[in-house]
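Student: Here's a structure for you.
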Amino acid sequence: MAVPSYPGAVEPARQAFVASGDVRIHVVEWGDAAAPALLCCHGFWDHARSFAVLGPQLAARYRVVALDARGHGDSDWAAAYSWATHIADIVAVARWIGAPLHLIGHSMGGGQVVDGARALPDLVRGVVNIDGFGPPPMSAQDEARTVERFSGFLEQRRAVAARPDWRPYGTLEQLVERRRAQNPRLSREWLQYFVFHGARQAEDGWRWKADPLLGQGAGPWRPDWIAHGYARLQQPMLAVVGSEDDTWGPLPDAIVGPRLAGVPKLTRATLAGAGHFVHMERPRETAQLILDWLEAA
Amino acid sequence: MRLQHARVELELGVLSDRDGPALLLLHGLGGSSADWGELPAAWPGRVFGLDFSGHGGSQPMRGGVYQPELLAGDADTALAEIGPAALAGAGVGAYVALLLAGGRAELVPAALLLPGRGLAGGGPQPNWDRSPVEAIEQAPSTPLPPGCDARCSALENDPRPPAYAAHFARAARRVLRFEDGTPRPPWWAAAGGDAVGGTIGDALHALAIAAR
Numbered sequence: 000m001a002v003p004s005y006p007g008a009v010e011p012a013r014q015a016f017v018a019s020g021d022v023r024i025h026v027v028e029w030g031d032a033a034a035p036a037l038l039c040c041h042g043f044w045d046h047a048r049s050f051a052v053l054g055p056q057l058a059a060r061y062r063v064v065a066l067d068a069r070g071h072g073d074s075d076w077a078a079a080y081s082w083a084t085h086i087a088d089i090v091a092v093a094r095w096i097g098a099p100l101h102l103i104g105h106s107m108g109g110g111q112v113v114d115g116a117r118a119l120p121d122l123v124r125g126v127v128n129i130d131g132f133g134p135p136p137m138s139a140q141d142e143a144r145t146v147e148r149f150s151g152f153l154e155q156r157r158a159v160a161a162r163p164d165w166r167p168y169g170t171l172e173q174l175v176e177r178r179r180a181q182n183p184r185l186s187r188e189w190l191q192y193f194v195f196h197g198a199r200q201a202e203d204g205w206r207w208k209a210d211p212l213l214g215q216g217a218g219p220w221r222p223d224w225i226a227h228g229y230a231r232l233q234q235p236m237l238a239v240v241g242s243e244d245d246t247w248g249p250l251p252d253a254i255v256g257p258r259l260a261g262v263p264k265l266t267r268a269t270l271a272g273a274g275h276f277v278h279m280e281r282p283r284e285t286a287q288l289i290l291d292w293l294e295a296a
Numbered sequence: 000m001r002l003q004h005a006r007v008e009l010e011l012g013v014l015s016d017r018d019g020p021a022l023l024l025l026h027g028l029g030g031s032s033a034d035w036g037e038l039p040a041a042w043p044g045r046v047f048g049l050d051f052s053g054h055g056g057s058q059p060m061r062g063g064v065y066q067p068e069l070l071a072g073d074a075d076t077a078l079a080e081i082g083p084a085a086l087a088g089a090g091v092g093a094y095v096a097l098l099l100a101g102g103r104a105e106l107v108p109a110a111l112l113l114p115g116r117g118l119a120g121g122g123p124q125p126n127w128d129r130s131p132v133e134a135i136e137q138a139p140s141t142p143l144p145p146g147c148d149a150r151c152s153a154l155e156n157d158p159r160p161p162a163y164a165a166h167f168a169r170a171a172r173r174v175l176r177f178e179d180g181t182p183r184p185p186w187w188a189a190a191g192g193d194a195v196g197g198t199i200g201d202a203l204h205a206l207a208i209a210a211r
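Going down the list, the protein sequences come from chains W and E. Using numbering that gives the first Met the number 0, you'd call the opening residue of the first sequence number 0 and step up by one each time. Using numbering that gives the first Met the number 0, you'd call the opening residue of the second sequence number 0 and step up by one each time.
So this is what it looks like as structure tokens:
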């Protein structure tokens with residue numbers, strides 16, 4: 000089928016694969032390769048093209064690199080996923096860029112760029128965290144279900160051996176509709192572009208590129224650990240949320256505020272009219288916000 | 000025999016095929032099912048020895064995510080093959096045995112926790128002063144043996160909060176802790192159950208009784 004276009008979405012100027020251990024990380028780029036770099040990290044289940052409108056807006060002054068997290072987009076699948084290995088991939092791509100840079104992340108990627116910056120105090124100059132302030136606190140009920148969740152995780156692991164890949168969908172439009180049901184604020188036109196790059200076509204139909212294993216995880220991690228990492232971030236952070244309620248956030252300020260309270264160099268901003276997917280819904284305004292913040296630093 | 004855990008092929012050895020209840024042995028960090036020596040002869044039934052992913056005859060994990068919960072997935076794959084079984088685990092294998100004794104209580108009548116390499120993990124909470132990636136990239140305390148995936152050293156740095164371990168202890172049917180006077184990490188006391196002493200053979204005998 001024809002490659003869909005979207006107003007403002009620009010084909011990347013370059014792409015590459017970067018080795019992170021035995022996993023290859025796919026990156027796309029916009030802008031002058033000699034300009035100061037911005038590394039963009041997408042959210043869970045998304046991919047590098049989530050920055051296809053924002054990136055070119057920033058590319059007038061910056062080399063904009065966007066990665067596909069492992070298990071997403073055109074990066075390799077792994078045997079299992081963890082927060083730490085996602086950070087290792089960000090570190091690998093930042094070292095591949097090899098010059099001082101800023102990190103920009105959305106949702107899952109927003110949390111990850113904070114830990115990426117902490118791992119690279121000499122290379123990373125600052126981070127932009129777009130509504131990536133973690134899940135809600137763990138309730139007493141969640142806590143009581145710890146073993147039950149782990150048993151469910153074991154069941155999922157058993158199921159993978161029986162069915163290692165997605166069932167195919169007949170048409171791309173069915174995938175678009177699936178995504179639209181989850182993110183009703185995103186336009187059909189954008190999702191037709193975005194889902195096209197997040198899906199692959201085979202003889203028997205369309206499948207997500209994202210690994211079905213991605214949602215699986217278990218362990219002692221708790222949302223109340225987030226603030227400990229934030230408090231040790233040495234670089235400046237621009238923390239962005241949208242003004243509108245959405246399926247995935249933003250969390251109430253009564254939760255986000257205390258998590259951010261310990262960040263030593265913090266700027267907070269709210270983007271009017273955007274939900275959780277701030278950079279997809281309002282790419283131009285998001286770009287201006289980031290450029291102004293970079294300029295002021 | 001070869002087993003498939005998600006995308007990793009595992010080696011499960013039959014160490015004793017006497018008629019009787021099953022025992023699954025879980026080795027410590029850097030080890031393999033060969034570590035158990037003559038011990039399987041002390042068990043009154045079938046004995047299986049698993050090689051965790053990245054160890055012994057099992058494949059490494061692409062992407063290198065070595066976490067106790069995933070090793071528990073390795074052991075659960077073995078339980079899917081052999082059915083209900085008592086567990087005995089050493090070092091990281093002891094922590095994995097506790098997770099599985101709670102998470103698969105219907106399949107695990109009793110678990111014996113033994114000392115060994117990887118018992119403490121990274122302690123009761125993360126080291127907040129470093130990025131999570133440093134916990135998986137830190138060199139091992141002593142070199143891991145050849146043939147063991149070097150990334151398994153992450154199992155010396157994962158946090159093991161006692162309050163987390165206590166959830167699994169409460170869900171488990173029977174837990175036996177092998178005590179020999181040497182120090183144990185904070186999660187160990189939260190595993191509850193009963194202390195056993197003497198030789199490891201004595202502890203295995205106590206496990207056989209507890210598993211009835």
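Think of the CB as a built atom: it goes at the ideal place given N, C-alpha and C, for glycine as much as any other residue. From a predicted model like this one, the values you see are computed outputs, not experimental measurements.
1) Does the beta-carbon distance from residue 49/E to residue 89/E come in below 9 angstroms?
2) Using only CA atoms, which one of 255/W, 84/W, 204/W, 289/W lies nearest to residue 168/W?
3) For residue 31/E, which of 205/E, 91/E, 194/E has the nearest alpha-carbon?
4) Specify whether the region 229-239 of chain W and the region 106-119 of chain W touch according to this definition: at least 3 beta carbon pairs, one from each stretch, less than 8 angstroms apart.
5) I'd like to know whether the C-beta of residue 149/W is nearer than 9 angstroms to at least one C-beta of chain E.
6) What's the call for residue 208/E, buried or exposed, on a 16-neighbour Cβ count within 10 Å?
7) Got a sec: which bits of the region 124-143 of chain W sit with their beta carbon under 9 angstroms from any beta carbon on chain E, in order along the chain?
8) Run through the region 140-186 of chain E for me and flag every whole alpha helix (DSSP H) of 4 or more residues, listed as ranges in chain order.
9) Measuring CB atoms only, is the region 130-137 of chain W touching the region 214-225 of chain W, in the sense that at least three cross pairs come out at less than 8 angstroms?
10) For the alpha helix (DSSP H) that contains residue 150/W, what are its first and last residues?
11) Sort 177/E, 189/E, 4/E by Cα distance to residue 165/E and report the nearest one.
12) Using a Cβ cut-off of 7 angstroms, pull out every chain W residue sitting near residue 184/E, in sequence order please.
13) Distance cutoff 9 angstroms, beta carbons only. Does residue 65/W sit that close to anything in chain E?
14) Which runs of the alpha helix (DSSP H), 4 residues or longer, sit entirely within the region 164-242 of chain W?
15) What residues from the region 115-131 of chain E come within 7 angstroms of chain W, judged by C-beta to C-beta, listed N to C?
16) What does residue 126/W pair with, by DSSP beta-bridge criteria?
17) Between the beta-carbon of residue 238/W and the beta-carbon of residue 270/W, is there less than 9 angstroms?
18) In this structure, what does DSSP give as the bridge partners for residue 16/E?
19) Would you report the Cα separation of residue 89/W and residue 70/W, rounded to the nearest angstrom?
20) Along chain E, which residues have their Cβ under 8 angstroms away from the Cβ of residue 20/W?
21) Does DSSP put residue 21/W in a helix, in a strand, or in coil?
22) With C-beta atoms as the reference, is residue 218/W less than 9 angstroms away from residue 155/W?
23) Are the region 140-155 of chain W and the region 78-97 of chain W touching by the rule of at least three beta carbon pairs closer than 8 angstroms?
24) 9 angstroms is my cut-off, CB to CB: does residue 57/E come that close to chain W?
25) Measuring alpha carbon to alpha carbon, tell me which of 86/W, 125/W, 251/W ends up nearest residue 35/W.
26) By the criterion of Cβ-Cβ separation under 9 angstroms, what are the contact partners of residue 80/W in chain E?
27) What is the residue span of the beta strand (DSSP E) that residue 267/W lies within?
28) Name the residue from 8/W, 37/W, 73/W whose alpha carbon lies nearest to the alpha carbon of residue 210/W.
29) For the region 2-26 of chain E, which residues have a beta carbon sitting closer than 7 angstroms to at least one beta carbon of chain W?
30) Looking at chain E, which residues of the region 248-271 of chain W have a Cβ within less than 7 angstroms of any of its Cβ atoms?
31) In chain W, what lies closer than 9 angstroms to residue 160/E by C-beta?
32) Mind checking which residues open and close the alpha helix (DSSP H) that includes residue 46/W?
33) Secondary structure at residue 93/E, three-state DSSP: helix, strand or coil?
34) I need the boundaries of the alpha helix (DSSP H) containing residue 75/E, first residue and last residue.
35) Quick one: measure Cβ to Cβ for residue 3/E and residue 160/W, integer angstroms, because I've assumed they're closer than 8 angstroms.
36) Residues of the region 165-195 of chain E in Cβ contact with chain W at a cutoff of 7 angstroms, in chain order, please.
Tutor: On the basis of the supplied data:
1) No, they are not a contact pair.
2) Sorting 255/W, 84/W, 204/W, 289/W by C-alpha distance to the C-alpha of residue 168/W places 204/W at the top.
3) Nearest of 205/E, 91/E, 194/E to residue 31/E, Cα basis: 91/E.
4) Judged by Cβ distances under 8 angstroms, the region 229-239 of chain W makes contact with the region 106-119 of chain W, as three or more pairs qualify.
5) Contacts with chain E at 9 angstroms (Cβ-Cβ) include residue 149/W.
6) Burial call: exposed.
7) For the region 124-143 of chain W, the residues whose beta carbon sits under 9 angstroms from a beta carbon of chain E are, in order, 142, 143.
8) For secondary structure counted as the alpha helix (DSSP H) over 4 or more consecutive residues, the region 140-186 of chain E holds these complete runs in sequence order: 161-170.
9) Taking 8 angstroms as the limit for Cβ pairs, the verdict is that the region 214-225 of chain W does touch the region 130-137 of chain W.
10) Run containing residue 150/W: 145-161, per the alpha helix (DSSP H) assignment.
11) It is 189/E.
12) Those do not exist, as residue 184/E stays about 14 angstroms from chain W at its closest Cβ, beyond 7 angstroms.
13) No - not a single Cβ of chain E is within 9 angstroms of the one on residue 65/W.
14) Those alpha helix (DSSP H) runs which fall completely within the region 164-242 of chain W and span 4+ residues are 171-181, 187-196, 225-229.
15) Listed by position, the residues of the region 115-131 of chain E near chain W (Cβ gap below 7 angstroms) are 125, 127, 128, 130, 131.
16) Answer by DSSP bridge pairing, in chain order: 102/W, 236/W.
17) No; because the gap between Cβ atoms is not below 9 angstroms, this pair is not in contact.
18) Its beta-bridge partners are 45/E.
19) CA-to-CA, the gap between residue 89/W and residue 70/W works out to about 14 angstroms.
20) Those within 8 angstroms of residue 20/W in chain E are 62, 63, 150.
21) Reduced to three states, the DSSP call for residue 21/W is coil.
22) In this structure, residue 218/W keeps its C-beta atom at 9 angstroms or more from the C-beta atom of residue 155/W.
23) The region 140-155 of chain W makes no contact with the region 78-97 of chain W; the number of CB pairs closer than 8 angstroms stays below 3.
24) So, not an interface residue.
25) 125/W is the residue among 86/W, 125/W, 251/W whose C-alpha sits nearest the C-alpha of residue 35/W.
26) Under the 9 angstroms cutoff, chain E gives 62, 64.
27) For residue 267/W, the enclosing beta strand (DSSP E) starts and ends at 265-270.
28) Nearest C-alpha to residue 210/W: 73/W.
29) Cβ contacts with chain W: 3, 4, 5, 6, 7.
30) None of the residues of the region 248-271 of chain W has a beta carbon lying less than 7 angstroms from any beta carbon of chain E.
31) Taking the beta carbon of residue 160/E as reference, the chain W residues within 9 angstroms of it are 219, 221, listed in sequence order.
32) It is not in any alpha helix (DSSP H) - residue 46/W carries neither H nor E in the DSSP assignment.
33) Residue 93/E: helix per DSSP, three-state reduction.
34) In this chain, the alpha helix (DSSP H) harbouring residue 75/E covers 67-81.
35) Taking C-beta atoms under 8 angstroms as the contact rule, residue 3/E and residue 160/W qualify, at a distance of about 5 angstroms.
36) Residues are counted here when their Cβ sits less than 7 angstroms from a Cβ of chain W; for the region 165-195 of chain E these are 166, 167, 170, given in chain order.
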